[in-house]
Amino acid sequence: MTGFIDVADILKGDNEDGAEVKVRGWIYTSRSSGGIQFLELRDGSGVIQCTLNKRNIDAETFSRVEKLPLETALEMKGKVKEDNRAPGGWEIRVNEIGNVYESKLDYPIVKKEQGIEFLMDNRHLYIREPKLQNIFQIRAKFLQAARDWFKENGYTEVQTPMFMTASVEGGSTLFSVEYFERKGVYLSQSWQLYAEALISSLGKIYTIAPSFRAEPSRTRRHLSEFLHMELEEPWSTLSDIQNSGDRLVCHMANTLAEVMPEKVKAVGRDPDYLASLKAPFPKITYDEAVEIVQSKNIEMFWGDDFGWQQEGPLTEEFETPFWVVGYPSGIKPFYHMPDPKRAEVTLSSDLLAPEGYGEIIGGGQRVHNYEQLYQRTLDDGLDPANYAWYMDLRKWGTVPHSGFGLGVERVLMWMLKLDHIRDTVPFPRDMRRVYP
RNA sequence: GCCGCCAUAGCUCAGCUCGGUAGAGCGUCUGCCUGUUAAGCAGUUGGUCAACGGUUCAAUUCCGUUUGGCGGCGCCA
């Protein structure tokens with residue numbers, strides 16, 4: 007057989023009722039009722055019900071197909087019919103079978119409830135489930151929408167090394183690697199130090215790359231390997247970078263709602279919500295955030311970072327993402343620029359997603375003055391000698407600049423209203439899981 | 001890293017409190033069924049009770065250790 011079409015095209019109504027089509031895919035479910043059987047066929051694009059009726063097909067083919075195990079791959083020819091008895095509203099009345107790639111028996115994934123441990127051990131098969139298929143397709147569109155936005159706004163994409171010798175975030179969360187004979191080589195936690203060097207070469211830049219954090223975090227919002235979308239701009243202040251974040255996030259949300267609303271809905275998020283998001287997002291100061299938390303009778307002192315006890319209730323006050331601006335110096339890394347009007351806080355800002363999802367972007371304005379950065383490094387208990395090339399950047403043509411990092415999986419988790427980050431990625435890596 | 005919980009058939013679980021070598025549903029398989037939606041009906045198959053050690057005449061059951069996992073905390077995107 008040749009000339010196969012995508013299931014997605016049939017479900018969109020691209021083919022007239024009664025048109026003859028050829029499809030190929032994997033048997034997702036099958037039900038037989040004597041003279042008629044129903045196969046749900048899954049190809050890369052969607053799932054469609056195929057019916058085989060003894061009146062329309064020879065008995066040998068009928069009984070052969072009836073015996074095929076789940077996940078058998080096969081080619082079929084038949085007539086498209088609009089029929090509200092079929093899931094998805096369309097089905098194919100099959101009249102001919104092409105090549106068949108028969109499965110083994112006992113495909114382990116069944117349509118009954120199964121435990122998370124088992125499903126994660128069989129992740130290499132479970133990723134075939136239509137819900138995950140939808141999420142991964144949305145994820146791909148999400149990344150494409152981001153790249154479109156960066157292109158339209160004059161950013162250059164650039165990659166930086168995954169092997170590094172300096173820490174961006176805290177040193178305790180570094181993954182150490184064996185790098186030939188050399189000690190002190192780690193997997194990247196962020197591109198930021200390299201990004202600050204590259205803005206003097208390329209101007210506005212972004213990257214989409216993995217970051218690795220050895221945080222021993224057992225929560226539904228942590229991965230040890232996550233996709234990091236980071237952006238760095240010269241001649242940019244805190245409010246400039248917030249503006250970029252607002253527009254980027256809204257563009258991605260609006261695009262998903264516009265381009266694949268049915269998939270968004272199938273996964274669990276009302277696409278109208280994503281369509282309704284508009285820049286700019288609300289801003290509150292760190293001080294105001296502390297007051298809100300305290301007004302809910304939750305313990306918090308000025309200078310503390312938000313724990314889950316504080317952040318959860320805070321995010322329930324909002325229906326869209328919102329910025330918390332001006333974190334205390336004590337809880338932010340050395341490269342954050344102190345507020346010139348108020349030295350105890352930094353020109354930093356995190357974007358928190360509503361509904362308890364929490365932090366999805368962290369960033370702010372960087373220190374661009376050499377002496378100030380040197381002092382901040384010492385204040386943070388670090389040795390400036392370990393950051394020699396990074397300090398160098400402040401000697402020649404240093405300008406105000408800002409940037410942020412966005413956790414792709416965190417944003418997807420919120421946009422798709424998922425209850426665990428693990429399903430935003432095919433093979434999640436966390437402190438307990440590196441297989442399959 | 002800390003706190004809590006879990007591990008029995010391919011899967012989801014019951015049995016353990018009060019010790020005497022195991023049971024259901026689903027799946028597989030065999031039939032039946034011409035509109036099913038996690039289809040239905042009948043029959044069939046299927047287990048070194050996570051591993052190691054202890055107590056005991058006897059341990060899936062009680063105790064300890066280990067391994068793996070799940071949920072949460074702290075920390076972060």
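Everything in the first sequence is counted per the numbering used here, starting at 7 for the first residue and increasing by one.
Glycine included, each C-beta is placed from N, C-alpha and C at the ideal position.
Owing to the predicted nature of the structure, the values given are computational and were not obtained by experimental measurement.
- Item | For MET82 and GLY104, believed in contact at Cβ under 8 Å, the rounded distance | 7 Å
- Message: Quick check on the DSSP output: what are the complete beta strand (DSSP E) runs of length 3 or more inside the stretch 356–383, in order along the chain?
- Response: 364–371
- Limits of the unbroken alpha helix (DSSP H) element including ASN249: 244–265
- Would you report the Cα separation of LEU399 and ALA152, rounded to the nearest angstrom? 28 Å
- Would you call the stretch 68–81 and the stretch 94–111 touching, i.e. three or more CB-CB distances under 8 Å? yes
- Query: In whole angstroms, what separates the C-alpha of LEU262 from that of GLY369?
  - Reply: 25 Å
- What's the gap between the Cα of ARG428 and the Cα of ILE133? 12 Å
- Message: Comparing C-alpha positions only, which one of VAL53, ILE33, ILE63 and PHE410 sits nearest to LEU111?
- Response: ILE33
- Message: Quick check: the Cα distance between ASP15 and ALA203, rounded to an integer number of angstroms?
- Response: 47 Å
- Three-state class that DSSP yields for ILE122 in the structure shown: helix
- Query: Who are the near neighbours of THR179 in its chain, counting only those whose CB is closer than 6 Å to its CB and skipping five residues on each side?
  - Reply: ARG219, ALA220 and GLU221
- Message: Given this structure, state the Cα-to-Cα distance separating TYR292 from MET397, to the nearest angstrom.
- Response: 29 Å
- Task: Between the Cα of TYR333 and those of LYS401, LYS87, LEU353 and ARG30, spot the shortest distance and give me the residue it belongs to.
- Result: LEU353
- Query: What are the start and end residues of each continuous beta strand (DSSP E) run of 3 or more residues lying completely inside the stretch 22–68, in chain order?
  - Reply: 26–38, 42–48 and 53–59
- Straight-line CA distance for TRP420 to ALA359? 7 Å
- Task: Using the Cα positions of VAL330 and VAL164, report the straight-line distance between them to the nearest angstrom.
- Result: 28 Å
- Query: For the 8 Å Cβ check, are there 3 or more pairs between the stretch 35–45 and the stretch 9–25?
  - Reply: no
- Simplified DSSP assignment, three categories, for THR179: helix
- Would you mind listing the beta strand (DSSP E) stretches within the stretch 287–330 that are 3+ residues and don't spill past its ends, in chain order? 289–291
- Does the beta-carbon of LEU315 have 16 or more other beta-carbons within 10 angstroms, so that it is buried, or is it exposed? The sequence given here has Gln at residue 315, not Leu. Answer is exposed; the Cβ neighbour count stays below 16.
- Whole-angstrom distance between ASP436 and LEU229, CA atom to CA atom: 5 Å
- Once you ignore the five residues that flank ALA92 on each side, which residues in its own chain have a CB closer than 7 Å to its CB? GLN55
- Query: Since PHE410 is in the beta strand (DSSP E), which residue starts that stretch and which ends it?
  - Reply: 407–413
- Task: Starting from the Cα of ARG48, find the closest Cα among VAL27, GLU26, ASP12 and LEU74 and give me that residue.
- Result: ASP12
- Query: Where does MET397 fall in DSSP's three states?
  - Reply: helix
- Give every residue of the same chain whose Cβ lies closer than 7 Å to the Cβ of ALA215, excluding the five residues on either side of it in the sequence, and list them in chain order. GLN165, TRP197 and HIS234
- Query: Taking the runs of the alpha helix (DSSP H) that are 4 residues or longer, which of them lie wholly in the stretch 188–228?
  - Reply: 198–208
- Taking Cβ to Cβ, would you say GLN371 is nearer than 8 Å to SER335? no
- Would you please state the rounded distance, in angstroms, between the beta carbons of GLY9 and VAL86? I believe it to be under 8 Å. About 14 Å separates the two Cβ atoms, so there is no contact after all.
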